[in-house]
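> Here it is, the structure in full.
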Ligand code: SF4
Ligand code: SF4
Ligand code: SF4
Ligand code: SF4
Ligand code: FES
């Protein structure tokens, strides 16, 4: 272990006055620039104006679909297990399709509890849940409405937007010659 | 007789006659295994339990489950040779195994998963395309779903139906990589113990319909308990999540139930969740608890000493019956406390006993007799004014005649757990805790004192029968009822009843305490088949 001495502030620094003044000068410079040049202002007038969020933005959840439109999720509950906020609630059901067997009868995410950690996305073995809906306004007038249900998570997002920013990823093979044991 | 052996250079003393696998597991030396089951004959077909033995011609590989230990044996479970053999055998088992873990109910307690994480962790080296056996989601019995693709052909289930139930519904057909587990033509896996095959199946090939997709196993919290469906008192795990019981699993007890339970007991978990009563009822209508307690207190205080009849219960715990008996002894006539027993039910030579209640011996210990002729005569004479019934749903099994004469009694007070139509005829019904919600002790037909523990606390506002009666007695100013929990009741009980060793509740071991009783007890489990329990020697190691 090596002990590092804290450098002693110089006299000018310990007076603080100069540094405060330096900071204020920066603010002043921005004020003057914005007044002279209003078009270049960095402020977005949200919610009238909306900024396009960059592709890697972690937004709110959505559930992915198979080609036939059914949810890709198989209700394995790995996301519910890993979720530190315990906000994913899944009720598994038995599918009539024996190739699928298990599907989520209910899939609820309590957005009020979600901490946007993204662990659920990491945990999912089927890439069935993603957090890429570029929505920053997860807000509502009642708590109940902030529990997002399966139907909402499957459908309620702008497909085009999501597609543009998320080119389709290869589907993980669980059956067929590509599947690895 | 113990002998000296060496495993991985560690000198050990183990009992004679056990196999290497038990010797290792019993001494906390991990060793991979699939097909070996402590209570089934050894098949030795998975070859994952490979160990190296030191012999006159150097080290040689052998399977640990089918090799008995001998004096001076030198065994290696972690030598490179043994480890390679274990790993390769595992790789074979996993070769064409489907990647079903996300939808497989066994995931989380699957031996294939566990063993791969513990002993495997290899990269797949398969050169040829995968072979898909198919055969998923097949219903092969009332309770069982078979997934042939997931089966690792360990034959545990086959040995179980051959040797334990002796019904032989299952077999393996075809050869090589096409070998498939199936039922014999025209047969269904429908014996009274079929649920056990889903427990012993090391993978998710056999799963229980009643538990299918209901819950992932890692969410379940386990509590030690006892089955209350017959006088055997099989040891159970109650597995619950968020106050809902999802399944009952057998708990190993070599003397009582080994690792088996019957289907009836296994399916009884629904009763814990369904049709419960939580509010006190006055002639079938929900009413305020406080005013009702006051009312019956007045009735009980007003009644003449001889005019109250009590019905104890073989379903209630020792504590409940003890408190009821104490109340009758201190306040009323003890001769008027009787029990009503249901008719004998189905039984066999494996586990099920005809007495379909868990605590009949407990009643004998407390000297509470069955309903006698003299009491019936008194009933017919309309002698009684008050009937106090504790956890005895006699309306389900008693003869109509008897029910009629019981229901003519003026004031009827019932403590019970489940809803019924007859409540309209009953003056006061009070809810009490069911067996999964309370501490208590039961004595099984073999004379084992066993305890039940609370697994869930869904209705914190209601109390156990014993505590309900104790509080009532306190209200009636009868001394000696200062109890707050059934544990205190048991501690008092074990002091008062000379038949018990003077122990406290928490000293009762989890596998029960044998009490030499002079009752017509049942001889220790006459399990059928050729199995012997000579392999059990370390109780601490629960076999699964
Ligand atoms: S982002 Fe994190 S907190 Fe939110 S649902 Fe996923 S795992 Fe839970
Ligand atoms: S991890 Fe994926 S597949 Fe599993 S339940 Fe969650 S979203 Fe569904
Ligand atoms: S049996 Fe085990 S390894 Fe196979 S799918 Fe089920 S959990 Fe996974
Ligand atoms: S079904 Fe299960 S217990 Fe039966 S042979 Fe297959 S893996 Fe073994
Ligand atoms: S456990 Fe020994 S061969 Fe299977």
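Protein chains in written order, with our numbering: chain A, 1 to 181; chain B, 182 to 725.
Idealized CB from N, CA, C, for every residue including glycine.
From a predicted model like this one, the values you see are computed outputs, not experimental measurements.
#1: Could you check where the alpha helix (DSSP H) with residue 554/B kicks off and where it finishes?
#2: Of all the options 562/B, 448/B, 589/B, 342/B, which has the alpha carbon lying nearest to the alpha carbon of residue 420/B?
#3: Does DSSP put residue 662/B in a helix, a strand or coil?
#4: Measure from the alpha carbon of residue 186/A to the alpha carbon of each residue in 132/A, 149/A, 140/A, 157/A, then state which is nearest.
#5: Mapping DSSP to helix, strand and coil, what is residue 609/B?
#6: Locate the beta strand (DSSP E) running through residue 298/B, then write down its first and last residues.
#7: Does the Cβ-Cβ distance between residue 75/A and residue 47/A come in under 7 Å?
#8: Name the two residues that bound the continuous alpha helix (DSSP H) containing residue 473/B.
#9: For residue 92/A versus residue 394/B, is the C-beta distance shorter than 7 Å?
#10: Mind listing, in chain order, the continuous beta strand (DSSP E) runs of no fewer than 3 residues lying wholly within the region 360-414 of chain B?
#11: Closer than 6 Å to a non-hydrogen atom of ligand 3 - does that hold for the CB of residue 293/B?
#12: For the region 337-348 of chain B against the region 364-384 of chain B, do three or more pairs of beta-carbon atoms, one drawn from each stretch, fall closer than 8 Å, so that the two count as touching?
#13: Quick one: does residue 318/B have its CB under 7 Å from some CB of chain A?
#14: With DSSP as the reference, please indicate the residues paired to residue 493/B in a beta bridge.
#15: What does residue 125/A reach in chain B if we use C-beta pairs closer than 7 Å?
#16: So, helix, strand or coil for residue 467/B, using DSSP?
#17: I want to verify the contact list: residues of chain A whose CB lies under 8 Å from the CB of residue 399/B, in sequence order.
#18: Which same chain residues end up closer than 6 Å to residue 368/B when comparing Cβ atoms and leaving out the 5 residues on each side of it in sequence?
#19: Are the beta-carbon atoms belonging to residue 27/A and residue 134/A less than 7 Å from one another?
#20: Are the C-beta atoms of residue 394/B and some chain A residue less than 7 Å apart?
#21: By the three-class DSSP mapping on this structure, what secondary structure does residue 95/A have?
#22: In the DSSP assignment, what residue or residues form a beta bridge with residue 571/B?
#23: Report yes or no: do the region 223-240 of chain B and the region 248-259 of chain B share at least 3 C-beta pairs separated by less than 8 Å?
#24: Going along the chain, which residues of its own chain have a beta-carbon closer than 7 Å to the beta-carbon of residue 221/B, five neighbours each way excluded?
#25: Count the other CB atoms within 10 Å of the CB of residue 330/B; is the residue buried (16 or more) or exposed (fewer)?
#26: Mind listing which residues of the region 53-79 of chain A have their C-beta closer than 9 Å to chain B's C-betas, in chain order?
#27: If contacts are defined as beta-carbon pairs under 8 Å, then residue 499/B and residue 622/B qualify, I think. What distance do you get, rounded to the angstrom?
#28: Kindly indicate the opening and closing residues of the alpha helix (DSSP H) around residue 140/A.
#29: Helix or strand or just coil, what does DSSP make of residue 668/B?
#30: For residue 94/A, which residues in chain B fall below 8 Å Cβ to Cβ?
#31: Tell me the DSSP secondary structure of residue 418/B in three-state form.
#32: Hey, does residue 129/A have any beta-carbon neighbour from chain B nearer than 7 Å?
#33: Taking its Cβ as the centre, do 16 or more other Cβ atoms sit within 10 Å of residue 728/B, making it buried, or is it exposed?
#34: So what does DSSP say about residue 540/B, is it helix, strand or coil?
#35: Across which residues does DSSP place residue 38/A in a beta bridge pair?
#36: Can you check DSSP and say which residues form a bridge with residue 621/B?
Looking at the coordinates:
#1: 554-561
#2: 448/B
#3: coil
#4: Chain A is shown only over 1 to 181; residue 186/A falls outside these bounds and no answer can be derived.
#5: strand
#6: Note, residue 298/B: premise wrong, no beta strand (DSSP E); not H, not E.
#7: No Cβ-Cβ contact shorter than 7 Å links residue 75/A with residue 47/A.
#8: 470-483
#9: Contact flag set, yes.
#10: 361-364, 387-389, 402-407
#11: yes
#12: yes
#13: yes
#14: 520/B
#15: Taking a Cβ-Cβ cut-off of 7 Å, the neighbours of residue 125/A in chain B comprise 283, given in sequence order.
#16: strand
#17: 81
#18: Only 350 meet the Cβ criterion.
#19: Between residue 27/A and residue 134/A, the gap from beta carbon to beta carbon reaches 7 Å or more.
#20: Interface criterion met: the Cβ of residue 394/B is under 7 Å from a Cβ in chain A.
#21: coil
#22: Answer is 596/B.
#23: yes
#24: Once the five neighbours on either side are set aside, the close Cβ partners of residue 221/B are 337, 340, 341, 344, 712.
#25: Classification of residue 330/B: buried, given that the 10 Å Cβ count is 16 or more.
#26: 74, 75, 76, 77, 78
#27: 5 Å
#28: Careful: residue 140/A lies outside any alpha helix (DSSP H) and carries neither H nor E.
#29: helix
#30: Residues of chain B passing the Cβ test: 393, 394.
#31: strand
#32: Cβ-Cβ to chain B under 7 Å: no for residue 129/A.
#33: Residue 728/B lies beyond the range of chain B shown here (182 to 725); nothing can be said about it.
#34: coil
#35: Its beta-bridge partners do not exist; DSSP assigns none.
#36: 633/B
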